[in-house]
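Residues 0 to 106 (numbering that gives the first Met the number 0) are what the sequence shown spells out, left to right.
C-beta: ideal position from N, C-alpha, C; glycine also.
Taking it in order: structure first as structure tokens, then the write-up.
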Amino acid sequence: MIPEVDSLNQSVFRLSDRAYIERFIDGALVVNLEENRLIELNPTADEVLSLTDGKRTLEEVAVDVAQTHEIPLEDALEDIKDLCRQLHSWKILEEVPIRSNGSEKER
Numbered sequence: 000m001i002p003e004v005d006s007l008n009q010s011v012f013r014l015s016d017r018a019y020i021e022r023f024i025d026g027a028l029v030v031n032l033e034e035n036r037l038i039e040l041n042p043t044a045d046e047v048l049s050l051t052d053g054k055r056t057l058e059e060v061a062v063d064v065a066q067t068h069e070i071p072l073e074d075a076l077e078d079i080k081d082l083c084r085q086l087h088s089w090k091i092l093e094e095v096p097i098r099s100n101g102s103e104k105e106r
């Protein structure tokens, strides 16, 4: 289950094992392999997806995006949370469980 909106800032996501991505110059195509769902991403969404590497929080991703595109951090963070909520609902992204010391839980 995805966290509530306010707690998403410290959430960490990565590409799901159920998804495959093919990158192009002008964006990417992502496939949910279980549901055969194909999603087209624009270059900025692809950039966000590449930054959601299972190590960075959404807030850290937003800082990178805000600096790169010279936009307010708050705007970047809200857009990234919206994108990640949608990609999570399509099973493209999965949340990385975090221990209290900040490391990934063992599976």
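Taking C-alpha atoms, which residue in the options lies nearest to residue i?
i          : options    : result
residue 60 : 19, 69, 47 : 47
residue 69 : 94, 43, 18 : 43
residue 58 : 49, 72, 52 : 72
So, with DSSP's three-state summary, where would you put residue i?
i          : result
residue 60 : helix
residue 84 : helix
residue 95 : coil
residue 20 : strand
residue 41 : coil
residue 8  : helix
residue 76 : helix
residue 28 : strand
Out of curiosity, what's the CA-to-CA distance linking residue i and residue j?
i          : j          : result
residue 23 : residue 63 : 21 Å
residue 7  : residue 80 : 7 Å
residue 2  : residue 9  : With a pLDDT of 47 at residue 2, under the threshold of 50, the modelled position of this residue cannot be trusted, and the question is left open.
residue 35 : residue 19 : 10 Å
residue 31 : residue 56 : 23 Å
residue 91 : residue 29 : 8 Å
residue 49 : residue 96 : 19 Å
residue 41 : residue 25 : 7 Å
residue 65 : residue 33 : 33 Å
residue 82 : residue 21 : 18 Å
residue 74 : residue 54 : 22 Å
residue 85 : residue 67 : 23 Å
residue 52 : residue 11 : 8 Å
Cβ atoms of residue j and residue i: under 8 Å apart, would you say?
i          : j          : result
residue 45 : residue 27 : yes
residue 93 : residue 13 : yes
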